[in-house]
Amino acid sequence: MQYRKLTNTVVCPRYGRGAETMDHLIRECPLSVSMWIELAIPNLLQETSLEFLQWLTWVFAQNAYFHCRLFCCAIWATWGERNARLHEKTSRTGIETAHFVRSYIAELDGVEQKTPKILQIARKWKHPPEQSVKINFDGAYDARLCQSALGVVARNSEGDVLLSSSKIHQGISSAFAAKALACRKVD
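In this note's numbering, each residue's number is its place in the sequence shown (first place is 1) plus 331.
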């Protein structure tokens, strides 16, 4: 931040001591160290001789997907906690940040489990018979804006596009009206 002339302060805003570098913020700050200990990501604090960017790469090479995900979320939470402390005058301990990270990951996992997996078998477009033209059309409706969009594509038996059109309509009252407009456009 100081290098980019965004602040005059060089002291870590989370701990009040030490220069605020990425290495200090993520690896050396006692609040971060206690967070990493609480998260128990294997080998994380062992390799201290590497420069910061090398260390990041090393962490990903050494750990499984779950731990890498936890690691990324923890870095994001550390930066967020740093900004909250600086701008909103709120603070968390390293252990509280670790609990936040675990809760956040658990919430993400819960959302993924609750999201229904709807498998649709995609039907491949079929060419029309020889000497015929096939016209596909559809309409979409946005109830919040009371508008619709329509699209029309005409193709020959080779699958070549002969014409295509799209249009947005304002003041549309329903999804049915949007589909009807798309159908009417084909005429």
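Note that beta-carbon positions come from the ideal geometry of N, C-alpha and C, so glycine has one too.
{"Item": "Along the chain, where does the beta strand (DSSP E) that runs through serine 365 open and close?", "Value": "That residue, serine 365, is in no beta strand (DSSP E); its alpha helix (DSSP H) goes 361-370."}
{"Item": "Where does leucine 322 fall in DSSP's three states?", "Value": "Within the shown structure, residues of the chain are numbered from 332 to 518, placing residue 322 beyond reach of any answer."}
{"Item": "Can you tell me the Cα-Cα spacing of leucine 512 and valine 492, whole angstroms?", "Value": "21 Å"}
{"Item": "Is tyrosine 432 near leucine 370, with beta carbons less than 8 Å apart?", "Value": "Residue identity check: residue 432 is valine in the sequence provided, not tyrosine. Yes, the Cβ-Cβ distance between valine 432 and leucine 370 is below 8 Å."}
{"Item": "Report yes or no: do three or more beta-carbon pairs, one from the stretch 400-417 and one from the stretch 352-366, lie closer than 8 Å?", "Value": "yes"}
{"Item": "Mind checking whether phenylalanine 402 and asparagine 394 have CB atoms under 8 Å apart?", "Value": "yes"}
{"Item": "Let me confirm a value: threonine 379 is counted as buried when at least 16 other C-beta atoms fall within 10 Å, else exposed. Which label applies?", "Value": "exposed"}
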